[in-house]
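Asker:
Numbering (my numbering), first residue to last: -17 to 203.
Now the structure itself:
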């Protein structure tokens, strides 16, 4: 089935499979694809699927919807099209077409997503595909809440942690190690007590991350 791969600053943050005839995109939490950014309207755009054809329609958004750099009102999507909404870029992948784009599953827990690893009530991590970058062995250890003491291995390119609509951060595996950055949500995560912004921050062994009321420790072996 077709899918949308959402990224910001060339970091993939979620992948959403298009399974319905109508898939909404916007800042409000009730959308199918939630992008919590002020540049995104509450109800920004809708993805319409008719058989094998997929259309993108702008819902009179404040800042507009762009496909391959051009503002659109309604346009049929083709494999590889690049959608721009604010600072976010969304790559459209047609059904049955294989691409080498880095993949990350959607953060929002849905029945179709099987890779979610619940840490406690409503808190989850979702990992992307492993790319075999370097010989790093690292994990996130949960220090508070019902899942206290549990370790989640960071074996994928991108691991997204948090509560959708509250606070979400992404830990990205790079050649030189791991970095963390804030993805969405008003509840800003912290690293060793300092706020984590949209710019990636390098992680080192023992670093403490607090997100959505849950304390975690980055452990590198």
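Just so it is clear, CB atoms sit at the ideal spot from N, CA and C, and this is done for glycine as well.
Which residues share a DSSP beta bridge with residue 202?
Answerer: BP columns for residue 202 point to 120.
Asker: In whole angstroms, what is the alpha-carbon distance linking residue 12 and residue 143?
Answerer: C-alpha separation (whole angstroms): 20 Å.
Asker: Can the beta-carbon of residue 148 be found closer than 8 Å to that of residue 194?
Answerer: Yes, they are a contact pair.
Asker: Taking residue 150 as the reference, give the member of 141, 158, 165 with the closest Cα.
Answerer: Considering only alpha carbons, the answer is 165.
Asker: Rounded to whole angstroms, what is the Cα-Cα separation between residue 204 and residue 198?
Answerer: Past the edges of the chain, shown from -17 to 203, lies residue 204, and the structure says nothing about it.
Asker: Take the Cβ of residue 145 as the centre, count every other Cβ of all protein chains shown within 10 Å, and call the residue buried at 16 or more, exposed below.
Answerer: Per the 10 Å Cβ criterion, buried.
Asker: How is residue 61 classed by DSSP in three states: helix, strand or coil?
Answerer: Coil, per DSSP.
Asker: What residues match up with residue 185 in a beta bridge as DSSP calls it?
Answerer: Looking at the DSSP assignment, residue 185 forms no beta bridge with any residue, so it has no partner.
Asker: Would you give the residue range spanned by the beta strand (DSSP E) that residue -1 belongs to?
Answerer: Counting along the chain, the beta strand (DSSP E) containing residue -1 begins and ends at -7 to -1.
Asker: Please state whether the Cβ-Cβ distance between residue 22 and residue 38 is less than 8 Å.
Answerer: Cβ distance not < 8 Å, so residue 22 and residue 38 don't count as in contact.
Asker: Quick one: give me the first and last residue of the beta strand (DSSP E) that residue 17 is part of.
Answerer: First-last for residue 17: undefined, no H or E at that position.
Asker: What did DSSP end up calling residue -14 once you bin it into helix, strand or coil?
Answerer: In the structure shown, residue -14 sits in a strand (DSSP, three-state: E or B).
Asker: Specify, as a first and last residue, the run of the beta strand (DSSP E) that residue 153 falls within.
Answerer: 149 to 156 is the extent of the beta strand (DSSP E) around residue 153.
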